[in-house]
Amino acid sequence: MDSQSIIEELKKLNKISSQLDISQEERASLLNQTAEYTNNFISTLHTIKGYQEKIVGNLSINNKPASLKDLLTLYQHEVAESGINAASPKHLGYIPGGGVYTAALADFIAAITNPFAGAYFAAPGAATIENEVVDWLKKVFSFPESAVGCLSSGGSVSTLIAFTAARDKFKIKNEVIPKSVVYLSEQVHHSTQKALRIIGLEDVIVRYIPLDDWHKIKPDALNALVEKDKAEGLNPFLIVATAGTTDTGTIDPLNDIATIAAQQKLWFHVDAAYGGFFILTSKKNLFKGIERADSIIVDPHKGLFLPYGVGAVLVKDSNAVLHSHYYTANYMQDGQNEELLKSPANLSPELTRHFRGLRVWLPLKYHGIEPFIACLEEKLLLVQYFRMKLAARGFCLGPEPDLSVSYFWYPFANDADEKNKLLMEEIHKDGSVFLSSSIINNRFVIRIAILAFRTKKETIDEAVEMIDRCLENILSNYS
Ligand SMILES: *Cc1c(COP(=O)(O)O)cnc(C)c1O
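Each residue of the sequence shown is one higher than the last, beginning at -9 in the working numbering.
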């Protein structure tokens, strides 16, 4: 092509390619429609169900332009009204969170301005915002300033980062792997075992530590296991405790475990994905010892009620993290002189990444911390309120939880597991409030996890009414 035809061709292409950079009027119009849609979504959250079973319709991409109005209608029907309504106060299953509005605005701004938050050199302001969030977390958990950390997509990826650091510090590779021992509670989140497998430690020995009646690790039993393994010439290297188990809301005895980990020279990891931010509440004393951990993970998309997609990890040994994650290349040379630890990319598997610092930083700056703490305290009281209501109705309850997750079952005279399963199905069919189930001590149980920031006393009353209704159906149909 000669230069004249290139110019002609560029003119033609520009007409089409410029459609991606829309005009100010169109931007305002699209933003208005989006604001109206999302405002309406939030205003009507209380009136729609917590769970709706649905067969999703056609969402395939056909390369034909559509109007935003049509797309929002499609979204509402096929996405917003299908499955668990996770933004709703009525999400009381798994581990909810909610999605505070100011975090969504931060995401919007982050996406429009699109700084390259992985490298300090490329976006010093954005990297600093992420580092400020990490520094704040270090203060919250009394970690030393020398600790490092980053924001990840969630607890699972945070766990990968913490475990690779532990693996590399202890040089767990090759023939050492099958002799190495990891100590877990049966109540660990499954992302723990999954992370071991992903990072090449599938063949380590996993010991499950005996638990007490409150589902807490027994420190003496842990110590005995480690002693025995050492005596047999094995290589104990990692103990995982949980600050807020998913199924039972339990905090392991962190301080006692920290002492054993220090004596036995184990890497002490605390999974505080769900429970971590309760350290800001009246439950603070239960977290004693978390500051002695080698690594912790915590999920702002749970305990800070931010939209899904933000977890955090803190690790004391920066060299271990750098060993796993620092890498460079010729095309990175412009930024090489900047300090290593200021660039999140050196502490995480991600290079180009979502600027997720802003969705944590902006809500904390805008609201201050008080409303977050009040929200967490509220959840602690709501679970007590719920348990009292259920006890009064003859339900059996799991042990008093440390945090805001609890479980229960109805003592049907026969086939209790089967009938509690039917009760769960009935609750899902009803759907006004969403609960989920689990198996604890070989028993089928129904869980309530109160963490959505919009969940209030009225929601719990609605849950109890629903349970009454569903129980009545089971009792009249199957007794
Ligand atoms: C949710 C959770 C995880 C996993 O975190 P994701 O953000 O879902 O990846 C790990 N541990 C605990 C205790 C959790 O509650």
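No residue lacks a Cβ here, since even glycine has one placed at the ideal position from N, Cα and C.
Backbone CA spacing between residue i and residue j [nearest angstrom]
i       : j       : result
CYS140  : LEU413  : 42 Å
ILE167  : LYS255  : 17 Å
ILE(-4) : LYS2    : 10 Å
LYS220  : PRO226  : 7 Å
LEU145  : GLU415  : As written in the sequence, residue 145 is Gly, which differs from the Leu given in the question. Their Cα atoms are separated by approximately 29 Å.
GLU368  : ARG346  : 27 Å
VAL395  : ASN30   : 30 Å
GLY47   : ASN75   : 18 Å
LEU62   : ILE99   : 20 Å
THR182  : ALA251  : 18 Å
ASN404  : TYR468  : 10 Å
THR449  : LYS80   : 6 Å
GLY178  : VAL230  : The identity of residue 178 in the sequence shown is Val, whereas the question assumes Gly. Rounded to whole angstroms, VAL178 to VAL230 spans 8 Å at the Cα level.
SER466  : PHE131  : 51 Å
SER142  : GLU192  : 23 Å
ILE188  : THR149  : 11 Å
PHE133  : GLY239  : 23 Å
GLU329  : GLU120  : 15 Å
ASN213  : LEU244  : 14 Å
ILE162  : LEU224  : 12 Å
ILE151  : GLN(-6) : 53 Å
Test item: CB-CB of residue i and residue j under 8 Å
i      : j      : result
GLY190 : SER333 : no
THR233 : GLY265 : At residue 233 the sequence reads Ala, which differs from the Thr that was named. Contact flag set, yes.
PHE402 : LYS409 : yes
ILE247 : ILE207 : yes
VAL138 : VAL305 : yes
SER426 : ARG437 : yes
ASP392 : LEU276 : yes
GLY301 : PHE267 : no
SER78  : GLY40  : yes
PHE424 : TRP399 : no
THR271 : PHE106 : no
Buried/exposed call for residue i, threshold 16 Cβ in 10 Å
i      : result
MET456 : buried
TYR317 : exposed
GLU26  : exposed
ARG459 : exposed
ASN320 : exposed
HIS67  : exposed
ASP97  : buried
ASN52  : exposed
THR24  : exposed
ARG444 : buried
ILE485 : Here the chain has residues from -9 to 469 only, and residue 485 is not among them.
PRO297 : buried
VAL69  : exposed
THR481 : Residue 481 is absent from the structure shown; the chain starts at -9 and stops at 469.
ASP261 : buried
HIS180 : exposed
Boundaries (first-last residue) of the alpha helix (DSSP H) holding residue i
i      : result
LEU461 : 447 to 468
TYR356 : 347 to 357
PRO209 : 209 to 221
ASP125 : 114 to 130
GLU176 : Per DSSP, GLU176 belongs to no alpha helix (DSSP H) and is neither H nor E.
LYS379 : 360 to 382
ALA94  : 91 to 103
ASN245 : 244 to 254
GLN9   : Taken as a continuous stretch (DSSP letters only), GLN9 belongs to no alpha helix (DSSP H), as it is neither H nor E.
HIS344 : Careful: HIS344 lies outside any alpha helix (DSSP H) and carries neither H nor E.
ALA59  : The residue asked about is misnamed: residue 59 is Lys in this sequence, not Ala. 58 to 65 is the extent of the alpha helix (DSSP H) around LYS59.
SER314 : 308 to 315
Residues that residue i bridges to, as DSSP identifies them
i      : result
ALA302 : LEU141 and VAL288
ASP261 : THR232 and ILE287
ILE195 : VAL171
ILE472 : One cannot answer for residue 472 here, as it falls past the ends of the chain, which runs -9 to 469.
ILE38  : None, per the DSSP bridge assignment.
PRO226 : VAL171
LEU387 : PHE398
LEU201 : ILE207
HIS81  : PHE424
ILE74  : TYR41
ILE241 : ALA233
Terminal residues of the beta strand (DSSP E) in which residue i lies
i      : result
SER428 : 426 to 430
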